[in-house]
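Asker: Counted the way the numbering used here counts, the sequence shown spans residues 7 to 218. Built from N, CA and C at the ideal position, the CB exists for glycine as well. Keep in mind it's a predicted model, so treat the numbers as computed, not measured.
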Amino acid sequence: MSVAATDTSNTRERILDAAESLFIEHGFAATSVRAIATKAGVNLAATNYHFGSKKGLFSAVFQRRVQPVNANRLKRLAALEHEAQVGKRQLTIRSILESFFEPLRYVDPGVPALIGRMYGEPESLTRPILEETFHEVAMAFQDALRLVLPHVPAEEIRWRFHFMIGSMIHLLQMHAPLGSESTHDAFTSGVPRLIDFVEAGLLRTHNGITHD
Numbered sequence: 007m008s009v010a011a012t013d014t015s016n017t018r019e020r021i022l023d024a025a026e027s028l029f030i031e032h033g034f035a036a037t038s039v040r041a042i043a044t045k046a047g048v049n050l051a052a053t054n055y056h057f058g059s060k061k062g063l064f065s066a067v068f069q070r071r072v073q074p075v076n077a078n079r080l081k082r083l084a085a086l087e088h089e090a091q092v093g094k095r096q097l098t099i100r101s102i103l104e105s106f107f108e109p110l111r112y113v114d115p116g117v118p119a120l121i122g123r124m125y126g127e128p129e130s131l132t133r134p135i136l137e138e139t140f141h142e143v144a145m146a147f148q149d150a151l152r153l154v155l156p157h158v159p160a161e162e163i164r165w166r167f168h169f170m171i172g173s174m175i176h177l178l179q180m181h182a183p184l185g186s187e188s189t190h191d192a193f194t195s196g197v198p199r200l201i202d203f204v205e206a207g208l209l210r211t212h213n214g215i216t217h218d
């Protein structure tokens with residue numbers, strides 16, 4: 007990589023780091039591009055050059071952190087499906103949920119705060135970003151769930167996946183129950199509990215009968 011390319015990459019990362027910190031602390035509306043540029047130690051033109059707009063910067067901040075998590079999820083799911091195809095392992099609701107949720111336990115402590123902030127912003131801002139970022143993952147995991155829940159209608163799977171994401175968001179925004187200390191350790195210990203909770207919900211059919 008040339009010196010110029012390295013400098014460009016470093017500038018971009020400094021802007022992303024500054025924006026992430028300010029967005030988490032203050033939210034999208036209360037954070038100005040000028041404040042981000044000042045914190046990053048770059049001029050305003052550099053911020054506009056790399057990201058085009060504040061919305062573009064907000065999206066880039068989110069995707070920088072979430073795309074590795076999504077890649078991990080898809081890699082785990084692909085491995086599970088391959089093992090199932092060759093008869094090494096049975097595909098189960100539990101293994102699918104572990105593939106989806108476990109990567110959250112190994113991310114930087116700031117990532118849950120960023121994801122929690124994203125879901126606290128207006129839907130008009132976040133929905134296009136979320137759809138772009140999570141469409142592939144959502145489709146892959148819903149397809150997998152349909153394989154292990156063949157008697158549950160596809161539309162019902164979509165709704166259960168929707169509520170599953172809602173439970174995850176709640177844990178991301180509030181790492182521990184009321185009355186307990188909300189720490190990153192509490193968050194990581196909450197992930198297996200979340201899996202237990204979602205697994206129980208997914209096992210319900212549309213007419214209230216529980217699948218074994």
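Could you check what DSSP says for R210 in three-state terms: helix, strand or coil?
Answerer: What you label residue 210 is simply residue 204 of the sequence shown in a count that begins at 1. If DSSP states are grouped into helix, strand and coil, R210 belongs with the strands.
Asker: If you run the structure through DSSP and keep just helix, strand and coil, what is L28?
Answerer: For the purposes of this step, residue 28 is identified with residue 22 of the sequence shown, where counting begins at 1. It is helical.
Asker: Near G101, what residues of its chain come up, given a Cβ to Cβ distance below 7 Å and the 5 sequence neighbours on each side ignored?
Answerer: Numbered from its first residue, the sequence shown carries residue 101 at position 95. First, the residue type needs correcting, since residue 101 is Ser and not Gly in the sequence shown. Cβ within range, chain order: L86.
Asker: Just checking my contact of F193 with H176 at CB under 8 Å: how many whole Å lie between their CB atoms?
Answerer: Your numbering for residue 193 matches position 187 in the sequence shown. Your numbering for residue 176 matches position 170 in the sequence shown. Contact between F193 and H176 does not hold, since their C-beta atoms are separated by about 11 Å, which reaches or exceeds 8 Å.
Asker: Take the Cβ of A119 as the centre, count every other Cβ of all protein chains shown within 10 Å, and call the residue buried at 16 or more, exposed below.
Answerer: Residue numbering aside, residue 119 sits at position 113 when the sequence shown is read from its first letter. Under this definition A119 is a buried residue.
Asker: Taking 8 Å as the threshold, find out whether the stretch 118 to 136 comes into contact with the stretch 67 to 75 through three or more Cβ pairs.
Answerer: yes
Asker: Buried or exposed for P109, please, with buried defined as at least 16 other CB atoms from any protein chain shown within 10 angstroms of its CB.
Answerer: On the sequence shown, position 103 is the one that residue 109 refers to. Buried: at least 16 other Cβ atoms inside 10 Å.
Asker: When burial is assigned at 16 or more other CB atoms within 10 Å of the CB, is F106 buried or exposed?
Answerer: Mapped onto the sequence shown, residue 106 falls at position 100. The residue is buried, with at least 16 neighbouring Cβ atoms inside 10 Å.
Asker: With DSSP collapsed to three states, give me the class of F220.
Answerer: Look at the range of the chain in this structure, 7 to 218, and you will see that residue 220 is not part of it.
Asker: On the three-state DSSP scale, how would you describe G116?
Answerer: Taking the first residue of the sequence shown as position 1, residue 116 is located at position 110. Assigned with DSSP and collapsed to three states, G116 falls in helix.
Asker: Is the separation between the beta-carbon of G29 and that of F64 shorter than 9 Å?
Answerer: Working through the sequence shown from its first residue, we reach residue 29 at position 23. Working through the sequence shown from its first residue, we reach residue 64 at position 58. The sequence shown places Phe at residue 29, rather than the Gly named in the question. Going by C-beta atoms, F29 is nearer than 9 Å to F64.
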